[in-house]
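Engineer: Read in order, the letters of the sequence shown are residues -22 to -1, 1 to 537 in mature numbering (1 follows the signal peptide of the UniProt record, and there is no 0).
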Amino acid sequence: MPRIFLQWLSLVAIIWLQSINGTNSNFPAYSSQFKHLLSISQIQLNNLAFASDAGKLFGWLSGSAANYLPMWLVLILGSSLGLIGYGVQYLFLIGRVSNLSYGAIFFLVMLAGNSICWINTVCYLVIIRNFPLDNQLAIGLTGSYQGLSAKIYTDIVDVVYPCSNVERARAYLFLSSVLPLTVSVIVAPVVRVINTVKTKREEVAFILILIITTVTGAFAIMGSMGSASSLLSPFTGVVVMVALLLAPLTIPLGLGLRHQIGKLAGEKIHIEETNSVSMDKTESGVTLDISDIISESPSESFELSFSYTSEKMNGDQQSESSTSGDDKISETNEINIVMEEIGVKVMLRRLNFWLYFFVYLFAVTLGLVFFNNLGQIAESRGRSASSLVSLSSSFGFFGRLIPSIVDYFVSRRKYMISRPAFVVALMVPTGAAFFLLLVKDNTALWLYISTATIGVCTGAISSISVSLTTELFGTKNFGVNHNVLVINIPIGSFLFGYLAAIVYRKEVNAKGKCFGMECYRNTFILWGTLCFIGTFLALILYARTRKFYNSQRSQGNRS
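Right, dumping it as structure tokens:
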């Protein structure tokens, strides 16, 4: 098969993986039902939300495994962990497993959360190595689909169980256990590193993917709006969403067809030239051995030419490949636009890492804690948790896409944007959104606006962080380095979530529930303040890295 076809097919496969990999974002949609079914307190429920994030404490295991195991095996192992984690919880809720302690459920939730790290690691490593010229663009495009996960799962549940809250909670757990493994098994053969030759960017292909992705996100947002969603039945919405997820498949098919047409045209010209030479030799009385024609077959000539070109362009990089085969990690496609290439031990001694760590803690992690509590926040305001989860998911999708669009247009002008500066610009509206949640509004308008804003900004910073990790600390140890960074997610989830649960518990009624603005008032003030502290730290990181990004811009202008 043409390598360009396999390269873009891997991107489509990763889009499908990411679209169903955000299983932890489903938790707010069924947390209230989970709390009731298990007869647990708000603090115990918060601990389960923390357990999902605590799985990331062991995310570095997936990065280490990816250095020694083929990508398909890492993918299957990760999705199998999710099958066990969510599957046993589902069996418990339907009564097939009895006497499951709270500690056992905590462990299962943590195991399920860890499975997300394995799938993410495979997706990031394959994209970084298969698209070395367009890292941020490809990462943002594929990663944006993870923001759609909650929306996709909610749409499916709406079709199957539109009314029963208990059945909906069970359906979320069942889908979270089965769907990732099913998709992983389907795409495992094509999710691998392709040793492609560095060529010019396929701008048309990326533009088409951007258009498809934008249409998908627009449809998701329309489906999250109450008035717009009523125009389509739940089943129609699922069918349209599936069609939009299949649409990117046209890109590798088109590129593969173009390659085959070009190859056939080249063969035809070669055959015509061979026949012309043959006729000339025959007319001149020269005997032509059929083996001469066979030895000059166009396919053989093409393979020899391609082999020679690949060796010439890759040079010594081929010899530095860490493992052989397309499904192992290879340095063939590596492009080093990084401050330094370091491992995790050296990284932990860098001030830039700790600035970056706390910026991520007060931005992405804080946003994720907000989403984990969205079910209880919606209940306290008398609103639907599912609608808010779908809204945050849809806007999170566009948030993850924004850096890709910006990077695409900026890179065409040979300009490199400062990632820390981008993060600063996104953290300001995030902090403001937390304070807007304090505004009293009977229509809950500010609740929806703030949720959408936090979704956009958190999604964008999450997408930027992948490229920022590679630029600050290199690509060779990315799998471990980035998973060490996201350890702050379970830390923040526990600290911020626990404080929110304590504040919530002070305001509960006799039934253990809280209604009104006071439930989360002090929590929103604390979160908003921390976010602005994170903005200040991001400014310091920007000042420390400004020289590096300025040098990259200078090189781009000279080229």
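Beta carbons: idealized from backbone N, C-alpha and C, even for Gly.
May I ask which residues mark the beginning and end of the alpha helix (DSSP H) holding Lys13?
Structural biologist: The residue labelled residue 13 in the question sits at position 35 within the sequence shown. Here the alpha helix (DSSP H) through Lys13 covers Phe5 to Leu16.
Engineer: Can you tell me whether DSSP reads Pro158 as helix, strand or coil?
Structural biologist: The residue you call residue 158 lines up with position 180 of the sequence shown. DSSP places Pro158 in helix when its eight states are reduced to three.
Engineer: If you run the structure through DSSP and keep just helix, strand and coil, what is Ser142?
Structural biologist: Residue mapping note: residue 142 aligns to position 164 of the sequence shown, counting from 1. Coil, per DSSP.
Engineer: So Tyr386 packs on Leu115, CB below 8 angstroms; how close in whole Å?
Structural biologist: Counted from its first residue, the sequence shown places residue 386 at position 408. Counted from its first residue, the sequence shown places residue 115 at position 137. The Cβ separation is near 5 angstroms, so the contact holds.
Engineer: Judging by CA-CA distance, which residue of Gln11, Leu344 and Thr191 is the nearest neighbour of Ile383?
Structural biologist: Along the sequence shown, read from residue 1 onward, the residue named residue 383 stands at position 405. For Ile383, the nearest C-alpha among the options comes from Thr191.
Engineer: Go to Lys454, then tell me how far its alpha helix (DSSP H) extends in each direction, as first and last residue.
Structural biologist: Taking the sequence shown and counting its residues from 1, one reaches residue 454 at position 476. First-last for Lys454: undefined, no H or E at that position.
Engineer: Taking Leu414 as part of the alpha helix (DSSP H), name the residues at either end of that continuous run.
Structural biologist: Counting from 1 along the sequence shown, the entry for residue 414 is found at position 436. First-last of the alpha helix (DSSP H) with Leu414: Arg397 to Leu414.
Engineer: Roughly how many angstroms lie between the CA atoms of Asp305 and Val52, to the nearest whole one?
Structural biologist: By one-based count along the sequence shown, residue 305 stands at place 327. By one-based count along the sequence shown, residue 52 stands at place 74. Reliability of the predicted coordinates at Asp305 is poor, the pLDDT of 41 falling under 50, and no value is obtained from them.
Engineer: Is Pro167 helix, strand or coil by DSSP?
Structural biologist: Sequence index remark: in the sequence shown, residue 167 carries index 189 (1-based). DSSP places Pro167 in coil when its eight states are reduced to three.
Engineer: Give me the residue from Lys491, His237 and Gln530 with the minimum Cα distance to Ser10.
Structural biologist: For this step, residue 10 is matched to residue 32 along the sequence shown. Per the Cα distances, Lys491.
Engineer: Just to confirm before moving on: does the CB-CB distance between Leu508 and Leu344 stay below 8 angstroms?
Structural biologist: One-based indexing of the sequence shown puts residue 508 at position 530. One-based indexing of the sequence shown puts residue 344 at position 366. A contact, by the Cβ cut-off of 8 angstroms.
Engineer: With 16 as the cutoff for other CB atoms within 10 Å, does Cys95 come out buried or exposed?
Structural biologist: Here the question's residue 95 lines up with position 117 in the sequence shown. Its Cβ being crowded by 16 or more others within 10 Å, Cys95 is buried.
Engineer: Whole alpha helix (DSSP H) runs in the region 310 to 348 with 4 or more residues, listed along the chain?
Structural biologist: You should have 322 to 325 and 329 to 338.
Engineer: When you compare only the Cα positions, how much space is there between Ser35 and Gly56?
Structural biologist: As a first step, residue 35 must be located in the sequence shown, where it is residue number 57. As a first step, residue 56 must be located in the sequence shown, where it is residue number 78. The sequence given here places Leu at residue 35; Ser does not occur at that position. Their Cα atoms are separated by approximately 15 angstroms.
Engineer: Taking the C-alpha atoms as reference points, what is the distance between residue 538 and Tyr8?
Structural biologist: Past the boundaries of the shown model lies residue 538; the chain is included only from -22 to 537, so the question cannot be answered.
Engineer: Is there contact between the region 502 to 519 and the region 56 to 65, where contact requires at least three CB pairs shorter than 8 angstroms?
Structural biologist: With the cut-off at 8 angstroms, the region 502 to 519 and the region 56 to 65 do not touch.
Engineer: Which whole-angstrom value describes the C-beta separation of Gln22 and Arg483, a residue pair presumed to lie in contact below a C-beta threshold of 8 angstroms?
Structural biologist: Translated into positions along the sequence shown, residue 22 becomes position 44. Translated into positions along the sequence shown, residue 483 becomes position 505. That belief does not hold up - the Cβ atoms of Gln22 and Arg483 are roughly 11 angstroms apart, past 8 angstroms.
Engineer: Taking only the alpha-carbon atoms, compute the straight-line gap between Thr120 and Phe502 and give it to the nearest angstrom.
Structural biologist: Counting from one through the sequence shown, the residue named residue 120 turns up at place 142. Counting from one through the sequence shown, the residue named residue 502 turns up at place 524. Between Thr120 and Phe502, the C-alpha separation is close to 31 angstroms.
Engineer: Label Phe493 either buried or exposed according to how many other C-beta atoms from any shown protein chain fall within 10 Å of its C-beta, with 16 as the threshold for buried.
Structural biologist: As a position in the sequence shown, residue 493 is number 515, starting the count at 1. Flag for Phe493 reads exposed.
Engineer: State the CB to CB distance for the pair Val406 and Val337, rounded to an integer number of angstroms; the pair is presumed to be in contact (CB under 8 angstroms).
Structural biologist: On the sequence shown, residue 406 is found 428 positions in, with the first residue counted as 1. On the sequence shown, residue 337 is found 359 positions in, with the first residue counted as 1. No, Val406 and Val337 are not in contact; Cβ-Cβ is about 13 angstroms, not under 8 angstroms.
Engineer: Could you check where the alpha helix (DSSP H) with Asn98 kicks off and where it finishes?
Structural biologist: The count along the sequence shown starts at 1 and reaches residue 98 at position 120. Element bounds for Asn98: Tyr80 to Asn108.
Engineer: Where Ile185 and Pro226 are concerned, what is the direct C-alpha to C-alpha distance, given to the nearest angstrom?
Structural biologist: For the purposes of this step, residue 185 is identified with residue 207 of the sequence shown, where counting begins at 1. For the purposes of this step, residue 226 is identified with residue 248 of the sequence shown, where counting begins at 1. If you take the alpha carbons of Ile185 and Pro226, they lie about 11 angstroms apart.
Engineer: For Tyr527, which three-state DSSP category applies?
Structural biologist: Numbered from its first residue, the sequence shown carries residue 527 at position 549. If DSSP states are grouped into helix, strand and coil, Tyr527 belongs with the helices.
Engineer: Report the rounded CA-to-CA distance for His460 versus Asn420, giving the unit in angstroms.
Structural biologist: Reading the sequence shown from its first residue, position 482 is the one you call residue 460. Reading the sequence shown from its first residue, position 442 is the one you call residue 420. In a straight line, the C-alpha of His460 is about 42 angstroms away from that of Asn420.
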